[in-house]
Amino acid sequence: MRKIWDIHGGVHPPENKAQSLGRGIEPAGIPPQLIHPLSQHIGAPAAPVVEVGQRVLKGQMIAEAKGFVSVPVHAASSGTVVAIELREIPHPSGLSAPCVVIDTDGKDEWIDHSGVDDYSALDKPALLNLIRDAGIAGMGGAGFPSAVKLSTRDDAKIDTLIINGTECEPYITADDILMRERADQIIAGVKVLQHLIQPSEQTLIGVEDNKAEGIAALRAAAEGSSIEVVVFPTKYPSGGEKQLIQILTGREVPSGGLPADVGIVCQNIGTCVAIHRAVTHGEPLISRVTTVTGDACSAPGNFEVLLGTPVDYLLNLGGFHKEQCIRLVMGGPMMGFTLKDTSVPVVKTTNCLLAPTKKELPPPPPAQACIRCGMCAEACPASLLPQQMYWFARGKEYEKLEDHNLFDCIECGACSYACPSNIPLVQYYRASKSEIRKQQQEKVKSEHAKARFEARKERIEREDAEKEARRKARQEAAKKKATAGLDPVAAAQQKAAASDAGKDPAQAAIEKAMAKRSGNAPEESDDEKRARLQKAVTTAEKRLESASTKLEEARASDAANLGALQTAFDRMTEKLGQAKEELAQFLSAESQQTETQNNAADPAQAAIARAQAARASAAEQSPLEKAQQLVASLEKRLEKSEQKLQEAKAAGSDTADVLEKSTTTLRDKLESARGELAQRSDSEAPTEAVAATTDPAQLAIEKAMAAREAAANMSADEKAKKALESLESRVKKTREKLAEAEAGGADTVDVLRDTLAKLEEKLAAARDTAS
Amino acid sequence: MFELISQHPFIAALASLAVLGLAFGSLLGFAAVKFKTEGDPIADQVESLLPQTQCGQCGYPGCRPYAEAIAEGDAINKCPPGGEATINALADLLDVEALPLDAEEAAVPSVAYIREDECIGCTKCIQACPVDAIVGAAKHMHTVVASECTGCDLCVEPCPVDCIDMIPLPTTVQNWSWELPTPAEKAVEKVTGDDLIATDRTGAKRDQAA
Chain A
37 MRKIWDIHGG VHPPENKAQS LGRGIEPAGI PPQLIHPLSQ HIGAPAAPVV EVGQRVLKGQ
97 MIAEAKGFVS VPVHAASSGT VVAIELREIP HPSGLSAPCV VIDTDGKDEW IDHSGVDDYS
157 ALDKPALLNL IRDAGIAGMG GAGFPSAVKL STRDDAKIDT LIINGTECEP YITADDILMR
217 ERADQIIAGV KVLQHLIQPS EQTLIGVEDN KAEGIAALRA AAEGSSIEVV VFPTKYPSGG
277 EKQLIQILTG REVPSGGLPA DVGIVCQNIG TCVAIHRAVT HGEPLISRVT TVTGDACSAP
337 GNFEVLLGTP VDYLLNLGGF HKEQCIRLVM GGPMMGFTLK DTSVPVVKTT NCLLAPTKKE
397 LPPPPPAQAC IRCGMCAEAC PASLLPQQMY WFARGKEYEK LEDHNLFDCI ECGACSYACP
457 SNIPLVQYYR ASKSEIRKQQ QEKVKSEHAK ARFEARKERI EREDAEKEAR RKARQEAAKK
517 KATAGLDPVA AAQQKAAASD AGKDPAQAAI EKAMAKRSGN APEESDDEKR ARLQKAVTTA
577 EKRLESASTK LEEARASDAA NLGALQTAFD RMTEKLGQAK EELAQFLSAE SQQTETQNNA
637 ADPAQAAIAR AQAARASAAE QSPLEKAQQL VASLEKRLEK SEQKLQEAKA AGSDTADVLE
697 KSTTTLRDKL ESARGELAQR SDSEAPTEAV AATTDPAQLA IEKAMAAREA AANMSADEKA
757 KKALESLESR VKKTREKLAE AEAGGADTVD VLRDTLAKLE EKLAAARDTA S
Chain B
4 MFELISQHPF IAALASLAVL GLAFGSLLGF AAVKFKTEGD PIADQVESLL PQTQCGQCGY
64 PGCRPYAEAI AEGDAINKCP PGGEATINAL ADLLDVEALP LDAEEAAVPS VAYIREDECI
124 GCTKCIQACP VDAIVGAAKH MHTVVASECT GCDLCVEPCP VDCIDMIPLP TTVQNWSWEL
184 PTPAEKAVEK VTGDDLIATD RTGAKRDQAA
């Protein structure tokens with residue numbers, strides 16, 4: 037004989053099971069309307085896959101599982117979907133939930149289905165999928181998805197499979213009648229589970245000793261298999277999963293743990309039948325055995341009822357007398373809940389409909405004060421301290437409740453049953469449990485909200501910082517601009533002049549020529565202009581320098597505003613070039629002016645000045661530092677040459693000699709400069725030769741020198757001839773330019789025409805003198 | 004030296020006390036620097052109890068500032084979304100007396116809803132939302148992401164066309180909870196309006212009365 041353990045506590049309420057066992061399982065038939073709630077299980081509600089107006093067949097899936105802990109819902113009979121709407125569902129709250137409503141057509145037409153011939157050929161995932169797709173959820177009462185419960189981890193070794201046939205709650209006989217009439221199906225289902233779980237030690241069916249007939253039938257069916265039917269004394273609540281495990285194996289499931297933690301898997305007898313039908317016949321869970329009992333029913337009994345059948349339809353079969361019934365209970369008298377409406381449907385977990393009379397189940401008398409008698413603690417099957425938890429629950433001391441293992445309470449109601457003061461203890465625990473869960477959810481939600489709030493705060497701060505940085509940069513730029521050019525109008529004019537000069541060399545040349553011809557000096561004060569231009573160049577250089585350092589920094593840190601800095605840098609380089617060009621131009625103009633004043637037009641000097649201006653503009657294209665150095669040296673040289681000219685002016689009478697001297701010095705200087713330049717380009721670029729030859733300044737200087745030397749050796753006639761030739765070439769060039777300008781539609785056309793006319797006049801005059 | 008100490012016990016006592024004071028003082032000073040607490044641990048704990056709706060109904064711009072204010076000694080009863088539960092928790096934590104809520108009534112958990120036909124797309128509510136739970140763009144319809152909404156109703160005020168409603172969260176089967184029964188003493192008073200005697204348990208008295 038197998039050893040049976042005892043559980044702590046427990047009570048012995050009147051069983052009242054005989055009433056409903058008078059007849060066998062009777063088919064309840066097809067009600068005119070079926071209501072399928074989408075959530076008949078613990079976990080996520082299923083999602084409907086049918087539409088209103090669609091015809092569905094018996095066993096057709098009408099809602100699919102959403103998520104892991106979820107099961108699908110199937111139509112219990114053929115018919116038409118008439119609504120997918122909120123309907124009152126069997127729930128202690130009496131609330132409504134989404135349901136698929138089907139008007140049956142009475143044909144009870146099955147969808148194509150077929151079972152598995154040899155389930156032992158299927159592997160575990162395939163079998164679990166089959167069970168899940170059949171919509172099977174625990175039929176003992178809680179309705180936990182069976183596939184989830186059966187999908188034990190591989191590392192958790194299961195040694196014992198326990199089938200729960202205890203049915204300890206009074207009045208309910210649904211499992212008892214199953215054992216009596218369908219023991220073979222139960223055993224077949226258990227064998228499927230054995231194959232699925234592969235318990236290493238034993239497979240037990242636990243049954244209370246008040247079901248003699250069922251035990252006999254089960255033992256007969258289990259003959260020759262490894263399944264053992266274990267009988268133990270009747271006591272409420274032996275049927276609780278943890279309690280049954282303790283009774284059969286002596287092992288206690290740890291607090292907050294699962295049976296798998298102690299190597300056990302537990303399933304209800306009704307679930308075994310459903311699994312058997314799903315695997316062998318391919319039938320999803322669309323019906324169950326439900327007990328209809330209570331003194332308010334004249335024909336109590338067990339009915340094979342389609343899921344979704346309205347409760348009032350089923351009650352009518354049981355001979356329900358509404359006027360006698362004090363309250364309609366779904367489930368048993370200990371753990372069931374009162375139904376507010378009889379239109380709610382039978383669901384997967386509905387094991388009993390209890391319609392008691394007032395005499396049979398009087399309303400609970402008013403609760404009295406707790407006298408701390410401790411009878412509840414003696415009755416508690418989970419070895420908790422109900423009276424203690426009662427006080428904590430009243431005081432809403434949730435932390436202490438948790439410390440007293442409130443969540444190990446199985447809500448069996450034994451404490452309330454035992455309480456001499458009729459305190460509805462279980463209500464307190466249920467309320468506290470839901471409150472604690474609510475608080476936990478709120479905690480999670482508040483953490484989430486906090487994270488989002490902080491993310492937003494951070495984002496706003498970052499944006500503000502960026503805005504501030506941009507604002508500062510703009511301010512800085514404005515300040516610099518103010519220091520660079522005190523008068524913005526003058527700066528703009530300067531810029532315009534520079535861009536004009538830079539853009540159109542032809543026009544610049546014309547202007548120069550005109551100035552030369554008219555012999556008029558520029559009207560501005562030269563010293564002032566020079567000072568201003570030089571200042572502009574130096575400030576531009578400074579800005580460029582700072583821009584380049586910034587750019588370097590940005591490059592080093594790989595900043596986002598690199599592009600903008602690069603553009604700014606380019607612009608500054610351009611500006612510097614313009615400023616330099618302007619300066620050079622001014623200086624050359626100055627030297628020309630000196631020449632005209634001096635009446636000693638030295639083409640060499642002019643050419644040098646022009647060449648320097650040109651080179652300055654050319655230098656713009658070469659790297660920055662090089663250009664700066666070049667310009668600086670050029671400026672120096674130019675200053676020196678100016679000094680020479682001044683000296684020449686001072687000497688007055690014999691300009692040729694003095695100029696000769698000055699040009700010799702200049703030539704020396706240029707030689708050295710050329711050498712320097714050559715060296716630099718030598719060290720910097722392989723295109724040295726090209727650079728040397730393409731340097732327009734050098735070329736122009738050389739040309740000018742040659743021209744000057746030739747002029748020195750020329751006679752008056754030859755000079756005139758040469759002048760004539762040069763004039764002719766100039767006229768020709770100007771004509772070409774005019775043609776170009778006309779073709780391009782440039783605004784210089786008029787000026788060019790004017791120049792051409794003047795040049796032609798000059799040419800005519802020169803021809804006269806030559807002839 | 005030894006002689007000096009033995010002959011002048013008063014000086015010896017003073018000296019030893021001074022040395023001890025110095026030693027322990029420096030030890031304390033070192034410990035204060037070494038084990039310096041970062042941030043405000045009390046404010047952190049208080050903040051963890053606040054509901055994080057960031058509604059500002061307490062008069063502070065968010066839950067963190069209010070938590071800091073509570074740590075500085077502000078009243079604990081200024082949080083309508085938290086209600087009584089939060090006040091009790093705060094009273095527990097800070098060991099102060101739980102005060103009644105400093106508002107007409109505790110806020111009902113609700114969620115903002117934009118009547119989309121009326122929304123003009125001004126983005127004002129988007130800027131007001133402390134948890135970025137409103138999506139939309141300028142001149143386009145906005146909508147509230149209900150799962151992220153904390154029900155702080157900060158978006159209601161800025162809406163120029165008053166198209167935002169605060170809808171109380173409906174009770175569903177998922178969030179429904181059992182109610183705590185009325186405690187025995189009060190229940191008795193409610194039923195009988197009188198003290199209960201032992202025979203009442205069977206309901207005899209009430210039956211007679213009825």
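Residue numbers (the numbering used here), protein chains in the order written: chain A, 37 to 807; chain B, 4 to 213.
Virtual Cβ for every residue (Gly too), placed ideally from N, Cα, C.
Judged by their CB atoms, Leu186(A) and Ile138(A) are not nearer to each other than the 7 Å cut-off. Within a 10 Å sphere around the beta-carbon of Pro67(A) sit 16 or more other beta-carbons, which makes this residue buried.
Here DSSP, grouped into helix, strand and coil, assigns Ile123(B) to coil. For Ile14(B), the number of other beta carbons within 10 angstroms of its own is below 16, and it is reported as exposed.
With a 10 Å radius around the Cβ and a threshold of 16 neighbouring Cβ atoms, Leu31(B) comes out exposed. Within the DSSP bridge table, the entry for Asp139(A) names Gln69(A), Thr116(A) as partners. Distance check between Thr174(B) and each of Lys474(A), Gly45(A), Thr345(A), Ile300(A) places Lys474(A) closest, using alpha-carbon atoms only.
When Glu41(B), Tyr69(B), Gln55(B), Glu182(B) are compared, the shortest CA-CA separation from Val480(A) is found for Gln55(B). Close CB contacts of Cys412(A) within its chain, under the 7 Å cut and outside five residues either way in sequence, are with Pro422, Gln423, Cys451, Ala454, Cys455, Leu461 (chain order). In the DSSP assignment, Met4(B) falls outside any beta strand (DSSP E) and carries neither an H nor an E. Taking a Cβ-Cβ threshold of 7 Å, the residues of chain B close to Arg488(A) are Val134, Asp135, Glu151, in chain order. Of all residues in the region 121-153 of chain A, only Ile125, His127, Pro128, Ser129, Leu131, Ala133 come within less than 8 Å of chain B when Cβ atoms are compared, listed by chain position. Counting only residues of its own chain and dropping the five nearest sequence neighbours on each side, Ile90(B) has a CB closer than 7 Å to the CB of Ile79, Asn80, Ala101, Leu102, Leu104. Here Trp181(B) is buried. Its C-beta has 16 or more other C-beta atoms within 10 Å.
For a Cβ distance threshold of 7 Å, nothing in chain A lies close to Glu119(B): the least Cβ distance comes to about 23 Å.
From the beta-carbon of Tyr464(A), the residues of chain B found nearer than 7 Å are Leu183, Pro184.
The criterion of a C-beta distance shorter than 7 Å is not satisfied by Ile40(A) and Pro417(A). Close partners of Ala429(A) in chain B (Cβ separation under 9 Å): Leu183. For Gln60(B), no CB of chain A lies under 7 Å from its own CB, so it is not counted at the interface with that chain.
DSSP places Asn352(A) within a helical segment (H, G or I) once states are collapsed to three. Here DSSP, grouped into helix, strand and coil, assigns Ala133(A) to strand. With a threshold of 7 Å between beta carbons, Arg492(A) makes contact with chain B. Looking at the DSSP output, Pro381(A) sits in a beta bridge with Pro346(A). Within chain A, the residues whose beta carbon sits less than 8 Å from that of Thr175(B) are Leu131, Ala133, listed in sequence order.
The criterion of a C-beta distance shorter than 7 Å is not satisfied by Ile61(A) and Glu203(A). Within its own chain, the residues whose Cβ lies closer than 7 Å to the Cβ of Gly299(A), once the five positions on either side in sequence are excluded, are Lys193, Ile194, Asp195, Thr196, listed in chain order.
Interface residue (Cβ-Cβ distance to chain B less than 7 Å): Ala173(A) is not classified as such. Taking a Cβ-Cβ threshold of 9 Å, none of the residues of chain A is close to Gln48(B); the smallest such distance is about 14 Å. The DSSP-derived three-state label of Trp181(B) is coil. Judged by DSSP in its simplified three-state form, His484(A) adopts helix.
With respect to chain B, the C-beta atom of Pro290(A) has no partner C-beta closer than 7 Å. Thr146(B) has Val138(B) as its beta-bridge partners, per DSSP. Ser106(A) is positioned such that its CB atom lies closer than 7 Å to that of Gly79(A).
A straight line joining the alpha-carbon of Ala801(A) with that of Leu788(A) spans about 20 Å. Remark: C-beta atoms of Asn387(A) and Ile208(A) approach each other more closely than 7 Å.
Taking CB atoms only, Ala83(A) has no neighbour in chain B less than 7 Å away.
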